[in-house]
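Peer 1: In full-length UniProt numbering, the protein residues as written are 1 to 988. Glycine included, every Cβ here is placed at the ideal spot set by N, Cα and C. Quick caveat, the model's predicted, so the values are computed rather than measured.
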Amino acid sequence: MAVNSRQNAAFCFTEAISRKDGTIPKLSLSSPPSMDEFTADTQGDSILAGVSLFSSDQIGDYKHPDPHIASPTQSLPIPKEFPDFPFPNPYPQQVALMQSIYDTLERNRCGIFQSPTGTGKSLSLLTASLRWLLDRNSTVQPKLKDLREKLKAINTPSMQSDLDWVMAYEKSRMEKLIIEPELEDLARVNDCLEKISDLKTSSSKLLSDLLNDSCVTSARHSIAIDPQEEAFDEGIQVEEFLFDIANENLEPIEDEERSKPATDAEQPRILQIIYCSRTHSQLNQVLGELKRCRSLINQITAVQLAARHSLCTNKKIYRLSHPEAINEACLELGRSKQKCPMRNRSSVIRVSNCILSGVPASVIASCVREDRYSDLFGKQAGTLKNQAPDITARIGCPYYATRSALPLAQLILVPYSTLLQPATRAQYGISLKNAVIIIDEAHNLLEATTSSMSVLLHLRDIHSVLTVLRSYQQYYASRFSSVCSLRLKQLISFVQCLQNVLTAHRSNVTASLESRVVTVSGMLSEAGADNMSLHQLTDCMHQKRMVAKLAGFAKWLVDKSGRQTAVKRQADTDPSMGMHALLTRMKRRNTDQQDNDSVHAPFIHGSSGEASSGSTSSKPPDLEGCSSSLYKFQAFLDAVIISEDDARVMITPVGPNPLDASIASSDTKGPSLYFTVLNPGRYLRDLVQQSRCVLLAGGTMEPFEELIEQVFVPAGKPSESTVVFACDHVIDPKRQLAVYPVAESPNGQVLEFTYQKRCTPQVMDECGEVILQICSRTPNGIVVFLPSYDYQQSVCLHWEKTGLLERLNKQKRVFREPRNPSSLTQVMQAYGTACTENRPNGALLFCVIGGRLSEGINFSDKLARAVIIVGMPYPNPQCPLLREKMTYLDRQFARIGASRSGTSPGRLHYDALCMRLINQAIGRAVRHANDYAAVVLLDRRFSRSSVQQKLPSWVRESLRNTIGLGNSSISVDSTLHHLTLFFSRLEN
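Here's what the structure looks like:
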């Protein structure tokens, strides 16, 4: 009777819900049922479970709230003070910056923050963001307690009338559907926070656990290098280099941990701050700043990510010289029967816990590589001197330990190259969900994104790849399957097509040798490769370590040829002879080749027709001579396949002279294919859309419109909702900084350092005389920023001939920024000594604007009492890639021009490239509140009001201009007089 009664009641309520008036049909029962009669009715339960007393529009789109996102009534108040700041009395500018950051994070907004260099920007970013994170985490337990009480109240039976029980059941069921998922998330987050607290209080114990014997593998022999084997880098067994593609559906080798499906339980949704800067050295400085904040570093977990070549502790792997080869060798070893002894799961977890407790992974890796265990274990290391191989086997891999630590890392430090590439983020396991992304030094974010998406492929690289593929095909011709043989033929054909694009003009004497920019489809059409299936080719390149095996095969072939003296002698007499000759020439050129890992567009970042000073830097020697070319080709092919409509290829062809190709083979500006993108903002869309919020910070972020329109608006963040903050310098700009725009020399020579005029003898002579007179009035160090390395070379040679360089050296000891970064440290140490000793009157350092010394180097106090900027570093307006980009920006972002009084987006970008370099150079001098310096701007164009308005406000306040007739410059005589008074007043 109870079952039938309950079913009748359920059907009646179902009918009532469907009625317009919501009335319930009257039940005709012999006696009213009690609640006890419904307990065993499974059929009635299933019926009621399908009954919803709430309309779909009320609950259909409901999503349980994120445990870290506050409702308007739960918002955290903005702190008036920040006790975590390591100095007792932060400057008002610092407090205002920290409050703005805190408020932006709490409101889940994106923001752009401009704080002049030398004002403690990084320290303010860390203090405000980490304090907000800790405050937000402190709300987890109260919310968890409140939800548990609510759930308990729902589960507590209450007295209901006989006809209210269905409505009560449905209401409680819906409330549980809302509360229980949120409760589970909060409980998981709370568990993670408790684990983090335990790790931070047990760092010494965790270090001792690294020596735990219980998990030592029996593979000690795997660590020692057997000189008879050296499997990875010697490549003695030619059979190791054979690969085959028997199945078109084979997947490329990838990290097994990366390929695991991630579940919510494996990735707790704790709040994370991803702090990004340009280089690892800058991230090390950020980590040093964090250590000053003792109250923060003791509570939060921080992980600095690095690549395998920096963190690997297996000698067989990390001694390979090329990063890509290290990656592939590591993955291959992980899948072999031998396995890597450092990949023992329990050992990796122990290292991971140590990293989370506060020991940097880089420290662990360097200690293991160099057997410096005293840095890790202190006095205990004295008893371990003879156990280095055993200890190495016990300590897990720092690279995989950092990845294992990521789910519990509250602060993740990453370089641009890791954050900006989706594939690299996936490789490291970085999740953007619920993450706050802070990008420091973001004034060059768009350029850095462009660089990360760009690939430069020289003609010499194409020749190398083609030779290797042909030799490989010939050697293994009888061993390949039909599919593999076909793919190799297609690869060779595609490489030949690329070569033809660059060499087609050899026979045409009248052909233009200028670079030209084409679309990707245009390049493929011109190459005759538009009908090829490039996806199949790139799949082939990524399978079975193909590139590594090709590189190993090339090395093996060179060694084999070297052992056969007769063949080697014949190859040396015939420069055109195949494999050995090519690779021998490449290895001979290797010491002169200084390709940069992050490719920059030729000319576009340089000033007036010259390559940017930042476009070249030292690079590790090529692995086995040609592996660098193979990896470049693979990257170029990948880029072509995933390209979008803003992708372009700049073609720099070979001239009609047949010798041009060989001459250019050692020239970084020679024949090449340069893949790049024109709209880097579109590749930042995922960062903005998937993360909680994105903060861009830097010393020279203006113009703000460019970043807002290209980064935030395309990602769905309206410009009006983006926070824009700019503060003044911590110095008194009218008292501690003097800026002199000088337009003419004392002899009346107009100082205009355009590309056409700056190399004339008159301009170089007058420039040197002005610098000499400034040296006589300025104490300690002077830093002179020149437009390019080439101009630095030209002007110094000219002054050497005229005797001016010797006169400068008598006044101050002269130093020059070297092209080769390996000697940069030595030069800077000598310069610093000369400045502080003040012998005979300090030192003079010639640098390149946009170079290594114009960003990230602090010329504080005596290192730069004066900064002289010679010329305005505008890019070469004739660069075809720059013209293409300006046209594209004018077409895509036309509405920016309307907000800039008619200035087109292309022109805005062109001016920004110049002014950001100038503002960065100015910021090198004044580094703290008690510092002071003079800035001399040598170029007539600096006297224009339109240019001066693009200087930061604190710099404009320091301008010393001649009054009258609209003249906004100052004479050299007046400058020298003011300099004397300026330094006399401040030194006393």
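Please specify which runs of the beta strand (DSSP E), each continuous and at least 3 residues long, are wholly inside the region 815-841, giving them in chain order.
Peer 2: Fully enclosed beta strand (DSSP E) runs of 3 or longer: not present.
Peer 1: How should D198 be labelled, buried or exposed, when 16 other C-beta atoms within 10 angstroms of its C-beta is the threshold for buried?
Peer 2: Counting Cβ neighbours within 10 Å, D198 comes out exposed, since fewer than 16 surround it.
Peer 1: Tell me the residue span of the beta strand (DSSP E) that contains L786.
Peer 2: Looking at the DSSP string, the run of the beta strand (DSSP E) that includes L786 is G781 to L786.
Peer 1: Indicate the three-state DSSP secondary structure (helix, strand or coil) for E744 in the structure shown.
Peer 2: Strand at E744.
Peer 1: What is the DSSP secondary structure of S204, counted as helix, strand or coil?
Peer 2: Helix, per DSSP.
Peer 1: Are the CB atoms of S452 and Y416 nearer to each other than 9 Å?
Peer 2: Yes, Cβ-Cβ distance for S452 and Y416 is below 9 Å.
Peer 1: Just to confirm, are N919 and K862 a CB contact at a threshold of 9 Å?
Peer 2: In this structure, K862 does not lie closer than 9 Å to N919 by Cβ.
Peer 1: Any chance you could list the beta strand (DSSP E) runs of at least 3 consecutive residues sitting entirely within the region 429-454, in chain order?
Peer 2: Runs found: 435-439.
Peer 1: Comparing C-alpha positions only, which one of S822, H928 and S122 sits nearest to E441?
Peer 2: Closest option to E441, Cα to Cα, is S122.
Peer 1: Which residues in the same chain have their Cβ closer than 6 Å to the Cβ of F241, if we skip the five residues on either side of it in sequence?
Peer 2: Excluding residues within five positions, the ones whose Cβ falls inside 6 Å are K549, G552 and F553.
Peer 1: Does A401 pass the burial test, meaning 16 or more other C-beta atoms within 10 Å, or should it be called exposed?
Peer 2: Flag for A401 reads buried.
Peer 1: How is A664 classed by DSSP in three states: helix, strand or coil?
Peer 2: Note that A664 has pLDDT 40, beneath the 50 cutoff, so the model's placement of it is unreliable and no number is given.
Peer 1: Let's test the definition: count the other Cβ atoms within 10 Å of the Cβ of N531 and tell me whether it reaches 16, buried, or not, exposed.
Peer 2: So N531 ends up on the exposed side.
Peer 1: Between D931 and the rest of its own chain, which residues show a CB-CB distance below 8 Å, the 5 nearest in sequence each way excluded?
Peer 2: So the list reads G118, I731, Q736, S860, D861 and A925, once near-sequence residues are dropped.
Peer 1: In whole angstroms, what is the alpha-carbon distance linking L459 and F983?
Peer 2: Using only the alpha carbons, I get a separation of about 54 Å.
Peer 1: Is it true that the region 704-711 meets the region 285-297, where meeting means three or more beta-carbon pairs spaced less than 8 Å apart?
Peer 2: Output reads no: the region 285-297 does not touch the region 704-711.
Peer 1: Would L130 pass as a contact of I300 if the rule is Cβ separation under 9 Å?
Peer 2: Yes.
Peer 1: Smallest Cα separation from K812: which of A448, I774 and K315?
Peer 2: Closest by alpha carbon: I774.
Peer 1: Cutting at 7 Å between CB atoms, please list the residues of its own chain near R343, excluding the five before and the five after it.
Peer 2: Same-chain partners within the cutoff: G334, C397 and Y400.
Peer 1: State the DSSP-derived secondary structure class of G681, mapped to helix, strand or coil.
Peer 2: In this structure, G681 counts as helix in the three-state DSSP scheme.
Peer 1: Name the one or two DSSP bridge partners that R694 has.
Peer 2: Note on identity: in this sequence residue 694 is Val, with Arg being the wrong assignment. Per DSSP, I437.
Peer 1: Assuming the contact rule is C-beta atoms closer than 8 Å, T127 and F85 should be a hit. Round their C-beta distance to whole Å, please.
Peer 2: The Cβ separation is near 5 Å, so the contact holds.
Peer 1: In terms of residues, what are the limits of the alpha helix (DSSP H) holding V95?
Peer 2: P92 to E106 is the span of the alpha helix (DSSP H), which, as asked, contains V95.
Peer 1: If we ignore side chains and look at the alpha-carbon of each, how far apart do Q304 and P821 end up?
Peer 2: Their Cα atoms are separated by approximately 24 Å.
Peer 1: Taking only the alpha-carbon atoms, compute the straight-line gap between A912 and T652 and give it to the nearest angstrom.
Peer 2: For A912 and T652, the distance between alpha carbons rounds to 26 Å.
Peer 1: Do the region 751-771 and the region 787-794 make contact, defined as three or more Cβ pairs closer than 8 Å?
Peer 2: Yes, they touch.
Peer 1: Is there contact between the region 421-437 and the region 679-698, where contact requires at least three CB pairs shorter than 8 Å?
Peer 2: Yes, the region 421-437 is in contact with the region 679-698.
Peer 1: Have a look at Q793, V848, I297 and V547 and flag the residue whose alpha-carbon is nearest the alpha-carbon of T201.
Peer 2: The candidate whose alpha carbon is nearest that of T201 is I297.
Peer 1: Please state the DSSP three-state secondary structure of Q299.
Peer 2: Here Q299 sits in coil by DSSP.
Peer 1: Hey, out of L411, R403 and L446, whose CA is closest to G429's CA?
Peer 2: Answer by Cα proximity: R403.
Peer 1: Would DSSP call P323 helix, strand or coil?
Peer 2: It is helical.
Peer 1: In whole angstroms, what is the alpha-carbon distance linking K632 and L446?
Peer 2: Rounded to whole angstroms, K632 to L446 spans 22 Å at the Cα level.
Peer 1: Here's the rule: buried if 16 or more other CB atoms are within 10 angstroms of the residue's CB, otherwise exposed. What is I78?
Peer 2: The residue in question, I78, is exposed, as its Cβ has fewer than 16 Cβ neighbours within 10 Å.
Peer 1: Can you tell me whether G111 is helix, strand or coil according to DSSP?
Peer 2: Strand at G111.
Peer 1: Exposed or buried, what is L797 when buried is set at 16 or more other beta-carbons lying within 10 Å of its beta-carbon?
Peer 2: Burial call: exposed.
Peer 1: List the endpoints of the continuous beta strand (DSSP E) containing P142.
Peer 2: It is not in any beta strand (DSSP E) - P142 instead sits in the alpha helix (DSSP H) that spans V140 to N155.
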